[in-house]
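Engineer:
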Amino acid sequence: MLLTEGFWEAERKSSLFSRSGAESRDDLLSLLPRVSALLGDGNAPGSALGSVMSYITSLLSACSLWDSSNQKATVGDLGKPLYEVTPDNERIFRLDAERTFILEDNRDILCKNLREVFGHVGDYHQGEGFVVAFLSLYLPTTDVVRLVVHLHENQMRGYFSCIPEAYVRDSRVLMKLLEERHWKLHEHINGLLVPETFCSKWFIGMNIHVFPFKHVVTYMERVLSRGDSYIFSFGLAFLLFHAETILATTDVSRILELLRLDDAVLPVEPEREAIYTGILQLAEEQEVETEKIQQLRVDVQAEMDRQKAQREQRMKELEDTDDEIVFSDEE
5 MLLTEGFWEA
15 ERKSSLFSRS
25 GAESRDDLLS
35 LLPRVSALLG
45 DGNAPGSALG
55 SVMSYITSLL
65 SACSLWDSSN
75 QKATVGDLGK
85 PLYEVTPDNE
95 RIFRLDAERT
105 FILEDNRDIL
115 CKNLREVFGH
125 VGDYHQGEGF
135 VVAFLSLYLP
145 TTDVVRLVVH
155 LHENQMRGYF
165 SCIPEAYVRD
175 SRVLMKLLEE
185 RHWKLHEHIN
195 GLLVPETFCS
205 KWFIGMNIHV
215 FPFKHVVTYM
225 ERVLSRGDSY
235 IFSFGLAFLL
245 FHAETILATT
255 DVSRILELLR
265 LDDAVLPVEP
275 EREAIYTGIL
285 QLAEEQEVET
295 EKIQQLRVDV
305 QAEMDRQKAQ
315 REQRMKELED
325 TDDEIVFSDE
335 E
């Protein structure tokens, strides 16, 4: 999309760019090498593009602007689509496209890409739509789909769903990790919020609308290269970075604003960079072992299954009670 004539002038005020940090089309285009490198296959031997990409990314890596370990992550080719898009899916895609872009042509491109992704994923979450929209700025449809499907099948398995149980489970795993590292903060948040209400913009939306685009790409690089453990490292960092402010209030709305980095709680623009880089740096210090994540997932899933069984049993008991009620006109 970015290469389309007049794109930036037409779309600069669209919602997708509300936290982009971009002041011009050139600012956005400067990220193209890094976004292309997310696929992990831009360095094919003998290709002119590969040579250029290799040179550019080596420079960016040397300047600490690109996570060079991302070279290890190669996104595979697509299989055949397995799912059909329904009229209801189309309606939702169109509404999300209208909320994302101003021009109808760009909305059409996003809808097309969402349909193509759905054919392979078979489900949809609005946060996934943010990711598809962002990638659509830089990549052709096939590569957008390849990357999103790769995330769906690997680092973010089960997150792209209208009822993302895997995300709910992992948001609770995050809280158990927090409990071990900052018990007081865990207890404070746990008494006010359930984690699935505030993690989705990080876990599912990959920080689009939270961070400027250059930091969104950094997050994507690290998730792709380091796996799902980085998602938890980042989540811990986000909470720990704001620990003092969170502990100082019981205002749920205020805490949610903070965990979304809403404009209402952020300082003026030049001072925001320290927050973004501070969270990313703290994430580098939060090592989370894969084995620990897997065990906590098992524990949390068992707990969720028990809660579900209890709810279903309670519903059955209520239905049975209703069946036993005899109304006067039935006697």
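Residues 5 to 335 (the numbering used here) make up the sequence shown, in order.
Every residue, glycine too, gets a C-beta built ideally from N, C-alpha and C.
What's the C-alpha gap between L143 and I259?
Structural biologist: The residue labelled residue 143 in the question sits at position 139 within the sequence shown. The residue labelled residue 259 in the question sits at position 255 within the sequence shown. Computed Cα separation, rounded: 35 Å.
Engineer: Exposed or buried, what is P168 when buried is set at 16 or more other beta-carbons lying within 10 Å of its beta-carbon?
Structural biologist: Within the sequence shown, numbered from 1, the residue matching residue 168 stands at position 164. The residue is buried, with at least 16 neighbouring Cβ atoms inside 10 Å.
Engineer: Are there three or more Cβ pairs, one per stretch, closer than 8 Å when the region 129-136 is compared with the region 25-45?
Structural biologist: As far as the Cβ criterion goes, the region 129-136 does not touch the region 25-45, which means the pair count is below three.
Engineer: Between the beta-carbon of E277 and the beta-carbon of A268, is there less than 9 Å?
Structural biologist: If you number the sequence shown from 1, residue 277 lands on position 273. If you number the sequence shown from 1, residue 268 lands on position 264. In this structure, A268 does not lie closer than 9 Å to E277 by Cβ.
Engineer: In or out: A41 buried (at least 16 other Cβ within 10 Å) or exposed?
Structural biologist: The residue given as residue 41 occupies position 37 in the sequence shown. Buried is the call here.
Engineer: Could you check if T222 is buried or exposed, using at least 16 other CB atoms within 10 Å of its CB as the buried criterion?
Structural biologist: Taking the first residue of the sequence shown as 1, we reach residue 222 at position 218. The residue in question, T222, is buried, as its Cβ has 16 or more Cβ neighbours within 10 Å.
Engineer: By the three-class DSSP mapping on this structure, what secondary structure does I350 have?
Structural biologist: For the chain, the structure presents residues 5 to 335; residue 350 sits outside this window and is missing.
Engineer: Could you check what DSSP says for T78 in three-state terms: helix, strand or coil?
Structural biologist: By 1-based counting over the sequence shown, the position of residue 78 is 74. Three-state result, T78: coil.
Engineer: By the 10 Å Cβ neighbour count, where 16 or more other Cβ atoms means buried, how is D232 classified, buried or exposed?
Structural biologist: Along the sequence shown, one-based indexing puts residue 232 at 228. Its Cβ being crowded by 16 or more others within 10 Å, D232 is buried.
Engineer: List the endpoints of the continuous alpha helix (DSSP H) containing Q285.
Structural biologist: Locating residue 285 in the sequence shown gives position 281, counting from the first residue. Taken as a continuous stretch (DSSP letters only), the alpha helix (DSSP H) holding Q285 covers E273 to E289.
Engineer: Excluding sequence positions up to five away, which residues of its chain have a Cβ less than 7 Å from the Cβ of R176?
Structural biologist: Sequence index remark: in the sequence shown, residue 176 carries index 172 (1-based). Cβ neighbours of R176 beyond the five flanking positions: P199 and V304.
Engineer: Compare the Cα-Cα distances from N117 to each of I106, A101 and L107 and report the closest residue.
Structural biologist: Looking up residue 117 in the sequence shown gives position 113. Ranking the options by Cα distance to N117, first place goes to A101.
Engineer: Give me, in chain order, the residues of the same chain whose beta-carbon lies closer than 6 Å to that of F21; leave out the 5 immediate sequence neighbours on both sides.
Structural biologist: Looking up residue 21 in the sequence shown gives position 17. Around F21: no qualifying Cβ.
Engineer: Should R119 and R301 be called a contact, given that it needs their Cβ atoms to be closer than 9 Å?
Structural biologist: Here residue 119 refers to the residue found at position 115 of the sequence shown. Here residue 301 refers to the residue found at position 297 of the sequence shown. No; because the gap between Cβ atoms is not below 9 Å, this pair is not in contact.
Engineer: Grab the span of the alpha helix (DSSP H) containing A13 for me, first residue to last.
Structural biologist: Reading the sequence shown from its first residue, position 9 is the one you call residue 13. First, the amino acid is wrong: residue 13 is Glu here, not Ala. Run containing E13: F11 to E15, per the alpha helix (DSSP H) assignment.
Engineer: Exposed or buried, which one is S73 when buried takes at least 16 other CB atoms within 10 Å?
Structural biologist: Residue mapping note: residue 73 aligns to position 69 of the sequence shown, counting from 1. Bear in mind that the predicted position of S73 carries a pLDDT of just 45, short of 50, making it unreliable; the figure below should be weighed with that in mind. Its Cβ having fewer than 16 others within 10 Å, S73 is exposed.
Engineer: Answer yes or no: do F245 and I279 have a C-beta to C-beta separation smaller than 9 Å?
Structural biologist: Here the question's residue 245 lines up with position 241 in the sequence shown. Here the question's residue 279 lines up with position 275 in the sequence shown. Cβ atoms of F245 and I279: closer than 9 Å.
Engineer: Looking at C-beta atoms only, is the number of pairs between the region 285-297 and the region 22-40 that lie closer than 8 Å three or more?
Structural biologist: No contact exists between the region 285-297 and the region 22-40.
Engineer: Contact defined as beta carbons within less than 8 Å: I believe F217 pairs with S24. What is the distance between those atoms, to the nearest angstrom?
Structural biologist: Locating residue 217 in the sequence shown gives position 213, where the first residue counts as 1. Locating residue 24 in the sequence shown gives position 20, where the first residue counts as 1. Yes, they are in contact, since the Cβ atoms of F217 and S24 sit about 5 Å apart, within 8 Å.
Engineer: Please state whether DSSP places P199 in a helix, a strand or coil.
Structural biologist: The count along the sequence shown starts at 1 and reaches residue 199 at position 195. DSSP places P199 in helix when its eight states are reduced to three.
Engineer: Do you know offhand how far R315's Cα is from M308's?
Structural biologist: In the sequence shown, counting from the first residue as 1, residue 315 sits at position 311. In the sequence shown, counting from the first residue as 1, residue 308 sits at position 304. Whole-angstrom Cα-Cα distance: 11 Å.
Engineer: Confirm, please, whether the CB-CB distance from W12 to L32 is below 9 Å.
Structural biologist: In the sequence shown, the residue the question calls residue 32 occupies position 28. In the sequence shown, the residue the question calls residue 12 occupies position 8. The answer is yes: Cβ separation under 9 Å.
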